[in-house]
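One structure below.
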Amino acid sequence: MTSKQIALLFVFLGANLLAIGIFDKYIVDLWGCAICCALAMTELLGHARKR
2 MTSKQIALLF VFLGANLLAI GIFDKYIVDL WGCAICCALA MTELLGHARK R
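Using this note's numbering, you'd call the opening residue of the sequence shown number 2 and step up by one each time.
Written out as structure tokens, the structure is:
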């Protein structure tokens, strides 16, 4: 990772923490849901490719 990518990552994480601080429960649920959906899709695509 370049220093620019690391800086962007920190900005992204900082923005997330700020958003979580403001919309605590809502944002956390949204992120959790998005991550679960992404994992489920990855699993489904992985199984589909194996066939």
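Built from N, CA and C at the ideal position, the CB exists for glycine as well.
Predicted model only: the values in this text are computed from it and were never measured.
Hey, how far is the Cα of residue i from the Cα of residue j?
i    : j   : result
S4   : L18 : 21 angstroms
A131 : G15 : With the chain represented from 2 up to 52, any question about residue 131 goes unanswered, as that position is not in the structure.
C37  : L46 : 14 angstroms
H48  : A41 : 11 angstroms
A35  : A20 : 16 angstroms
W32  : A39 : 10 angstroms
Identify, in the order they occur along the chain, each residue of the same chain with its Cβ nearer than 7 angstroms to the Cβ of residue i, setting aside the five sequence neighbours on each side.
i   : result
Y27 : none
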